[in-house]
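For the sequence shown, position 94 matches number 98 in this note's numbering, and the numbering has no gaps at all. Where is the CB? At the ideal position from N, CA and C, for every residue including glycine. Since this is a predicted model, take the numbers as computed values, not measurements.
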Amino acid sequence: GDGGGGGGNGEYAYDGKPSFSTINLRDIGSRVDLTFYESHKGEIYSNFSSPRGYALIISNERFRTMPERRGTRVDMNALHTLFSSLGYEVQVQENLSSKDLLHSISTFASSSSHSFTSSVVLCVLTHGEHDALFGVDDELVSTHRILSCFNSINAPNLAGKPKIILLQACRGERKDRGWDDTDSGRPLEFLSCLRGEGSRMLTRRKSPAEADLIVAYATPPLHVSWRNSEKGSWFIQAFVEVVKKRAVDSDLLSILTLVNEKVANSFEATHERFKQIPEHHSRLTKKFFFFPPNN
């Protein structure tokens, strides 16, 4: 979730395997390739199909009562371009209700199209609460239900394949207000991602312990995430930038650690120095490299 205000440079809103010690990063050189994969096959996921996999990007911008998520189209377009360049067949859906959001993800995850591909990507850009995401009807879908769409029972064609999920949304209730005295000097307001003080919380449920899935969150539980109306969200900006530079030589966990560092140290909102730190939960059992195609 997130909200907005005006001023300056856009508006801000918040929204069991053996160890890998046998992989010597010095062996990787400037680019990982099929030869590198063949020599470490037991410890790295294969990701060489054409397309590499399917990527679904869901972007919710206009809600029934919650603030418009200005800047989300910047994120959506950046992710579309990025994953296309990485060899994925990208699908985009916008402004889905809670029911349509879950149905779309369930249909996508269970598709037989995944039989012939190596990996899968889901990106959801929306308002959120702890452990739940909002549809444009201001109704919630639990993150647990979304992730369960990708388990081996509901998505048998993805069993054993890496499943990469990016969630750009708030995960908490805190409201912050401030102004940006480095831009135009006009007030810059910070609004919570929630629809109101009485917004309900879902009962917390653990995600299923299914393997080969990694979830990257824009922010830790109970915290807001920040989005700029002109540049997009901090998390997606950083993810796209780091992947562009490091997909050729770094595995996904290393990339996400670099994204954490970039968001933590490169972004600030207002003179109050509001900050953000993403987090990721990994159930991967091997290292995942994008192995970008030679374009």
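{"query": "Terminal residues of the continuous beta strand (DSSP E) containing residue 241?", "result": "That residue, residue 241, is in no beta strand (DSSP E); its alpha helix (DSSP H) goes 238–250."}
{"query": "Might you give, ordered along the chain, the residues of its own chain that have their beta carbon closer than 6 Å to the beta carbon of residue 293, omitting 5 neighbours on each side?", "result": "36, 255"}
{"query": "Quick one: which unbroken alpha helix (DSSP H) runs of 4-plus residues sit fully inside the stretch 92–122? Chain order, please.", "result": "102–114"}
{"query": "If we ignore side chains and look at the alpha-carbon of each, how far apart do residue 92 and residue 69 end up?", "result": "34 Å"}
{"query": "With respect to the alpha helix (DSSP H) encompassing residue 148, which residues constitute its N-terminal and C-terminal limits?", "result": "147–152"}
{"query": "Can you have a look at residue 132 and say buried or exposed, based on whether 16 or more other CB atoms are within 10 angstroms of its CB?", "result": "buried"}
{"query": "Taking all protein chains shown into account, do 16 or more other C-beta atoms lie within 10 angstroms of the C-beta of residue 241, making it buried, or fewer, making it exposed?", "result": "buried"}
{"query": "Please return the same chain residues whose Cβ sits closer than 8 Å to the Cβ of residue 204, not counting the five positions on each side in sequence.", "result": "Since pLDDT at residue 204 reaches only 41, below the 50 mark, its modelled position is unreliable, and no value is offered."}
{"query": "Out of 176, 83, 167, 154, which one is the CA nearest neighbour of residue 106?", "result": "154"}
{"query": "What number of angstroms, rounded off, separates the C-alpha of residue 50 from the C-alpha of residue 122?", "result": "7 Å"}
{"query": "Closer than 8 Å by C-beta to residue 258: which residues in its own chain qualify, once you throw out the five before and the five after it? Chain order, please.", "result": "250"}
{"query": "Among 71, 246, 222, which one has its Cα closest to the Cα of residue 285?", "result": "222"}
{"query": "Comparing C-alpha positions only, which one of 267, 53, 64 sits nearest to residue 296?", "result": "53"}
{"query": "Could you name each continuous beta strand (DSSP E) segment of 3 residues or more that falls completely within the stretch 40–87, going from the start of the chain to the end?", "result": "57–63"}
{"query": "Would you say residue 113 and residue 87 are within 8 Å of each other, going by their C-beta atoms?", "result": "no"}
{"query": "Thinking C-alpha only, which one of 162, 266, 135 is nearest residue 56?", "result": "162"}
{"query": "Check residue 262 in the structure and name its three-state DSSP category.", "result": "helix"}
{"query": "Keeping to the same chain, check which residues put their C-beta closer than 7 Å to that of residue 140; ignore five residues upstream and five downstream.", "result": "64, 66, 67, 68, 99, 100, 101"}
{"query": "When you compare only the Cα positions, how much space is there between residue 216 and residue 83?", "result": "22 Å"}
{"query": "Taking the alpha-carbon positions, what's the residue 103 to residue 79 distance?", "result": "23 Å"}
{"query": "So what does residue 132 bridge to, in DSSP terms?", "result": "137"}
{"query": "Quick check: what's the CA-CA separation for residue 213 versus residue 94?", "result": "Because residue 213 sits at a pLDDT of 43, beneath the cut-off of 50, its placement in the model cannot be relied upon, and the point is left open."}
{"query": "Does DSSP put residue 36 in a helix, in a strand, or in coil?", "result": "coil"}
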